[in-house]
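Chemist: I have a structure I would like to understand better, so I am pasting it below and will then ask my questions one at a time.
Chains as they are written, first to last, in our numbering: chain U, 3 to 290; chain H, -10 to 343.
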């Protein structure tokens, strides 16, 4: 029972970070109907940014998100304006291939610049943990979970309480109707991609103290991001939050009982089952 | 000058000359490196043509074809290495297993459309990769399988080839490639091929005309998988080593799609052009030829920091070129190189007509 509780809790903690990744992907999909296959690579860039801020300027990874968030937002906005914007009306397959290509360029450019060696960002608290009722909790995971909750709450406030946020959600609901209501959908698309990129980058920053940093790390997270968003329902922000936590727990509990080698299989089988039996996801609307 | 199938004489003649030249190629070219590049091109064309039947003609963009490439390669090589079954039997076993697996996956995944199908195909391929990593008894896990030796191919007592040189692989690749082209051509002009293309153009319209979507998508998948699996087996035997991160990787699935996209999907010669463009380019990068050429030409000083950086790093960056090409092709020539040329030619002709 203790083992089960332990894996549940670490699953929920990592699930918070997964939720950030998923929310980013789902906002991009919602506003533009584009599935961003470069999402994990954006996360990887966030990781490298954090790593260099830490190793060169000695900025703590959890503090450096103050820099990472705006930088990644600008980078995402740039990618949307230069690349994604041109294929908004194209076949979905071509959109997917474009983002796959962008992801390849990002991961291989990083490899070219910094080699494919694994980098480790070790802070004083990287392996620290503390016990509550016999359950040990990793300190960096707990801090990142707290930050995740703060960011998620801020994001919900932005999306549900501000004019721009509501315009983004309106665009996600119906692009044409939003345009008719005088919403600048082009601007919303740029903001949405910027937001998605900065959320992915933040997730990268938050996991960098506990994860190996290398150029190909993104593909794992791209796949996880799909699973999370499909599970929650493509375009649903609440769904992605829930999906992130579910996947975190499924991985963690599955890893304990079936061995860590198989935990990805569980996630993908879960994914296929959802795709087949409830493709609209847990909270999605089956519009298209 | 048009014959019955709507093909003019000149291209047929050119193709025939090209085929003869390809058959004579190993007699005139001694360089094993040239043969190596040709074999890699052949394998890429075969897997491209395989994907093209499903992705190009039937419109089902699978980004998980590495699964079938890997199943073909693993079946053939596991049978040869651990059960001592000669690869010319093992290849067929590979095809049977790959098609059987594909049909199970197909009947589950083909009810999904568009991006959801793409995601499902990736998930399936990833399940295969992780399974191969974990079934250590069968696949030797992440260490992969190293082929110790391929038995000589005999008819009666006469040894046809002992697979010591690259030449037998060259001819195996070439013949398989020609068969793949002929099958694609026959399909393209058959009733079955029209069903496929109808599904690509509009699934619902095709369905309402009485085309059973799931059945014909599965038929297209089966054709597609036969060639993908063959390409996998030939690749495994030729390279002599397979592991999950080469034959079952997501990168491979993407490369298969890219060969077709860059050449032009839904055309016979698209995958050929795609492979001819991609393979030599990435091989030149991988073997450091481009970095060396830049240094030799005097553009970059070898002793400078940038020169040594290029020499050390550019060989790792062949995938970078794939990425850049993919982005450029999607943005500027969404119909691939072949489609781009055709469009230009058409525009030129229209201009002349006026």
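Positions of the beta carbon are idealized from the N, C-alpha and C atoms, including for glycine.
Could you tell me the distance, in whole angstroms, from the CA atom of residue 168(U) to the CA atom of residue 187(U)?
Modeler: Residue 168(U) and residue 187(U): Cα-Cα distance of roughly 12 Å.
Chemist: Select from the segment 112 to 129 of chain H all residues with a C-beta closer than 8 Å to any C-beta belonging to chain U, and list them in chain order.
Modeler: Against chain U - using a Cβ distance shorter than 8 Å - the residues of the segment 112 to 129 of chain H are 112, 113, 115, 116, 119, 120, 122, 123.
Chemist: State the DSSP-derived secondary structure class of residue 96(U), mapped to helix, strand or coil.
Modeler: Of the three classes helix, strand and coil, the one that applies to residue 96(U) here is helix, per DSSP.
Chemist: Given this structure, state the Cα-to-Cα distance separating residue 7(H) from residue 224(H), to the nearest angstrom.
Modeler: Spanning the two alpha carbons is a distance of roughly 23 Å.
Chemist: For the beta strand (DSSP E) that residue 64(U) lies in, which residues bound it at each end?
Modeler: Unbroken run through residue 64(U) is the alpha helix (DSSP H), 63 to 84; no beta strand (DSSP E).
Chemist: If the cut-off is 9 Å on Cβ atoms, which residues from the segment 232 to 257 of chain U count as contacting chain H, listed in chain order?
Modeler: Result list: 232, 236.
Chemist: Using a Cβ-Cβ cut-off of 8 Å (strictly less than) and excluding sequence neighbours within five positions of residue 238(H), which residues of its own chain qualify?
Modeler: Cβ within range, chain order: 55, 118.
Chemist: Applying a beta-carbon distance threshold of less than 7 Å, which residues of chain H neighbour residue 107(U)?
Modeler: Those are 309, 312, 313, 316, listed as they occur along chain H.
Chemist: Starting from residue 280(U), trace the beta strand (DSSP E) both ways and give me its first and last residue.
Modeler: Run containing residue 280(U): none; DSSP gives neither H nor E here.
Chemist: For residue 80(H), which residues in the same chain have their Cβ closer than 7 Å to its Cβ, ignoring the five residues on either side in sequence?
Modeler: Taken in chain order, the residues that qualify are 65, 219, 222.
Chemist: DSSP three-state call for residue 155(H): helix, strand or coil?
Modeler: Note: residue 155(H) maps to coil in three-state DSSP.
Chemist: Taking the CB atoms as reference points, tell me whether residue 55(U) and residue 47(U) lie closer together than 8 Å.
Modeler: No.
Chemist: Can you pull the chain H residues whose beta carbon is under 8 Å from the beta carbon of residue 85(U), in chain order?
Modeler: Correct list: 316, 320.
Chemist: Can you pull the chain H residues whose beta carbon is under 7 Å from the beta carbon of residue 110(U), in chain order?
Modeler: Those within 7 Å of residue 110(U) in chain H are 306, 308, 309, 312.
Chemist: Check the Cβ-Cβ distances between residue 270(U) and every residue of chain H, and say whether any is below 8 Å.
Modeler: With 8 Å as the cut-off, residue 270(U) counts as an interface residue toward chain H.
Chemist: Run the CB neighbour count on residue 344(H), radius 10 Å, all protein chains shown included, and call it buried at 16 or more, exposed below.
Modeler: Residue coverage of chain H in this structure runs from -10 to 343, which leaves residue 344(H) outside it and unanswerable.
Chemist: Would residue 186(H) pass as an interface residue toward chain U - the criterion being a Cβ-Cβ separation below 8 Å?
Modeler: Cβ-Cβ to chain U under 8 Å: no for residue 186(H).
Chemist: Find the residues of chain U that neighbour residue 250(H), judging by a C-beta separation of less than 7 Å, and give them in chain order.
Modeler: What residue 250(H) touches in chain U: 99.
Chemist: With DSSP run on the structure shown, which of helix, strand or coil describes residue 39(U)?
Modeler: Reduced to three states, the DSSP call for residue 39(U) is coil.
Chemist: Which partner residues does residue 128(H) have in the DSSP bridge list?
Modeler: Paired residues: none, contrary to the question.
Chemist: Would you mind sorting residue -9(H) into buried or exposed? The rule is 16 or more other CB atoms within 10 Å of its CB.
Modeler: Any reading at residue -9(H) needs caution, since the residue's pLDDT is 42, under 50, leaving its predicted position unreliable; the model's value is listed next. By the 10 Å Cβ count, residue -9(H) comes out exposed.
Chemist: Do the segment 200 to 218 of chain H and the segment 227 to 237 of chain H meet, that is, are 3 or more Cβ pairs less than 8 Å apart?
Modeler: In short, these stretches do not touch, since the Cβ pair count stays below three.
Chemist: If you measure between the beta carbons of residue 237(U) and residue 39(U), is that distance less than 8 Å?
Modeler: No.
Chemist: Closer than 7 Å by beta-carbon distance: list the chain H residues that pair up with residue 88(U), in chain order.
Modeler: Within chain H, the residues near residue 88(U) are 320.
Chemist: Between residue 123(U) and residue 53(U), is the Cβ-Cβ spacing less than 8 Å?
Modeler: In contact: residue 123(U) and residue 53(U) (Cβ atoms closer than 8 Å).
Chemist: Please report whether the beta-carbon of residue 147(U) lies at a distance below 8 Å from any beta-carbon of chain H.
Modeler: Not one chain H Cβ lies under 8 Å of residue 147(U).
Chemist: Quick one: grab the DSSP three-state call for residue 154(U).
Modeler: Helix, per DSSP.
Chemist: By the three-class DSSP mapping on this structure, what secondary structure does residue 2(U) have?
Modeler: This structure leaves residue 2(U) out entirely; chain U is present only between 3 and 290.
Chemist: Cα-Cα, which of 57(H), 97(H), 137(H) is closest to residue 69(H)?
Modeler: Closest option to residue 69(H), Cα to Cα, is 137(H).
Chemist: Pair every Cβ in the segment 61 to 79 of chain U with every Cβ in the segment 6 to 16 of chain U, then say whether three or more of these pairs are closer than 8 Å.
Modeler: Too few Cβ pairs lie closer than 8 Å, so no.
Chemist: If I measure Cβ to Cβ from residue 26(U) and keep anything under 6 Å in the same chain, skipping five residues before and after, which residues do I get?
Modeler: Excluding positions up to five away in sequence, the list reads 198, 201, 202.
Chemist: Quick test of your reading: residue 118(U) and residue 209(U), contact by CB under 8 Å. State the CB separation rounded to the nearest angstrom.
Modeler: 19 Å between Cβ atoms; not a contact.
Chemist: Is there contact between the segment 197 to 214 of chain H and the segment 18 to 29 of chain H, where contact requires at least three CB pairs shorter than 8 Å?
Modeler: Short answer: they don't touch.
Chemist: On the DSSP bridge assignment, give the partners of residue 121(U) in chain order.
Modeler: Beta-bridge pairing links residue 121(U) to 215(U).
Chemist: Using a Cβ-Cβ distance under 8 Å, would residue 97(H) count as near chain U?
Modeler: True, the Cβ-Cβ gap to chain U drops below 8 Å.
Chemist: Hey, would you say residue 245(H) sits closer than 8 Å to residue 37(H), going by beta carbons?
Modeler: Yes, they are a contact pair.
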